[in-house]
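Please read the structure below before turning to the comments.
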Amino acid sequence: MPSTPFAPLTGPIGFYPVVHDAAWVQRLLDWGVRTVQLRFKAAGHTPAEIEREVRAAVEAGKKAPGAQVFINDHWQLALAAGAYGVHLGQEDLSAVEGADIEALRRAGLRLGLSTHTPAELARAKAVQPSYLAIGPIYPTTLKVMPYEPVGLAQLKAWAALAAPYPVVAIGGISLERMPGVLACLSAGNDGVAVVSAVTLAADPRQAALAGLRLAAG
Numbered sequence: 026m027p028s029t030p031f032a033p034l035t036g037p038i039g040f041y042p043v044v045h046d047a048a049w050v051q052r053l054l055d056w057g058v059r060t061v062q063l064r065f066k067a068a069g070h071t072p073a074e075i076e077r078e079v080r081a082a083v084e085a086g087k088k089a090p091g092a093q094v095f096i097n098d099h100w101q102l103a104l105a106a107g108a109y110g111v112h113l114g115q116e117d118l119s120a121v122e123g124a125d126i127e128a129l130r131r132a133g134l135r136l137g138l139s140t141h142t143p144a145e146l147a148r149a150k151a152v153q154p155s156y157l158a159i160g161p162i163y164p165t166t167l168k169v170m171p172y173e174p175v176g177l178a179q180l181k182a183w184a185a186l187a188a189p190y191p192v193v194a195i196g197g198i199s200l201e202r203m204p205g206v207l208a209c210l211s212a213g214n215d216g217v218a219v220v221s222a223v224t225l226a227a228d229p230r231q232a233a234l235a236g237l238r239l240a241a242g
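Residue 26 is where the sequence shown starts when you use our numbering, and the numbers rise one by one after that.
If you want it as structure tokens, here you go:
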């Protein structure tokens with residue numbers, strides 16, 4: 026087990042949209058959201074395009090007081106851009122060498138890790154990340170998941186196992202489902218990640234503001 030944990034978050038996670046490009050990151054920060062993840066898929070994009078999106082998202086976060094902008098997957102680019110944080114899935118974590126994990130740790134980046142089972146949760150905790158994501162809470166159509174939905178009862182139990190790290194619940198969570206999900210988490214630094222609840226909403230700004238209100242209690 027590493028002797029030094031990853032840097033802690035600088036604020037509560039709360040309402041945590043996961044979006045597909047830097048323009049969405051900027052938009053959400055302008056609307057008052059402070060925890061955002063850029064999940065920019067490499068497929069169909071050149072390395073230069075990926076780097077441009079990562080840098081734009083990182084710069085947007087640096088200009089917004091209190092922002093916690095995480096870059097999904099592209100950790101080398103995030104590190105080079107001076108990102109606040111990175112988020113890795115289980116496969117990403119397996120691909121990152123121990124020395125690379127230490128490079129992220131030494132640079133002061135915050136690290137979020139995805140987990141889907143108690144075994145993955147234990148493995149992720151050993152890295153001493155900044156937060157742990159648990160999901161999918163509900164069935165999701167946005168990506169093929171080889172895991173059964175966690176559900177609220179297991180979420181509550183697994184969130185307790187994740188202590189002392191903050192927890193992010195993710196997967197199939199709509200604004201209507203947020204109160205039930207939040208009730209399974211501890212007060213304080215935990216949060217709820219959403220994707221289509223904002224980006225596919227008829228009025229994304231109003232959806233984001235509603236999410237902020239729900240997370241604030």
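Glycine included, every Cβ here is placed at the ideal spot set by N, Cα and C.
C-alpha gap between residue i and residue j, whole angstroms
i: THR71; j: GLY123; result: 27 Å
i: GLY197; j: LEU177; result: 12 Å
i: PHE31; j: THR224; result: 30 Å
i: LEU138; j: LEU157; result: 5 Å
i: TYR163; j: PHE40; result: 17 Å
i: VAL192; j: LEU210; result: 8 Å
i: PRO33; j: LEU53; result: 23 Å
i: GLY133; j: TYR190; result: 17 Å
i: LEU129; j: THR140; result: 19 Å
i: GLY114; j: ALA105; result: 20 Å
i: PRO204; j: ALA241; result: 11 Å
i: LYS87; j: GLN153; result: 24 Å
i: ILE195; j: ALA188; result: 17 Å
i: VAL206; j: GLN231; result: 20 Å
i: ASP46; j: LEU102; result: 15 Å
i: GLY110; j: GLN93; result: 7 Å
i: LEU239; j: ALA227; result: 18 Å
i: ALA48; j: ASP55; result: 11 Å
i: ASP117; j: ARG131; result: 19 Å
Spatially closest choice to residue i from the options, by CA coordinates
i: GLU84; options: GLN62, PHE65 and GLY107; result: GLY107
i: LYS150; options: CYS209, TYR163 and LEU136; result: LEU136
i: GLY91; options: MET203, ASP215, GLN153 and PRO37; result: PRO37
i: ALA67; options: ASN97, ALA187, PRO161 and ASP215; result: ASN97
i: GLU127; options: THR29, ALA185 and GLU201; result: THR29
i: PHE95; options: GLY57, VAL43 and ARG202; result: VAL43
i: TRP183; options: TRP49, SER155, ALA48 and PRO161; result: PRO161
i: VAL220; options: GLY213, LEU239, ALA212 and SER199; result: SER199
i: THR35; options: THR60, TRP49 and ASP55; result: THR60
i: ASP215; options: PRO229, LEU180, ALA222 and GLU201; result: LEU180
i: VAL175; options: GLY57, LEU186 and ILE159; result: ILE159
i: ALA185; options: ALA208, PHE65, LEU63 and HIS112; result: ALA208
For residue i, three-class secondary structure by DSSP
i: GLN62; result: strand
i: ALA67; result: coil
i: GLU188; result: The residue asked about is misnamed: residue 188 is Ala in this sequence, not Glu. In this structure, ALA188 counts as coil in the three-state DSSP scheme.
i: PRO171; result: coil
i: VAL152; result: coil
i: LEU180; result: helix
i: ILE159; result: strand
Proximity test, Cβ basis, 7 Å: residue i and chain B
i: THR140; result: In the displayed structure, chain B is absent; only one protein chain is listed.
List in chain order: all unbroken alpha helix (DSSP H) runs of 4+ residues lying wholly within the segment 85-144. 100-106, 115-120 and 123-131
Run through the segment 29-62 for me and flag every whole beta strand (DSSP E) of 3 or more residues, listed as ranges in chain order. 39-44
Would you mind listing the alpha helix (DSSP H) stretches within the segment 203-238 that are 4+ residues and don't spill past its ends, in chain order? 203-207 and 221-224
With three or more beta-carbon pairs closer than 8 Å as the criterion, would you say the segment 72-81 touches the segment 137-157? no
Taking three-plus beta-carbon pairs below 8 Å as touching, is the segment 223-239 in contact with the segment 80-98? no
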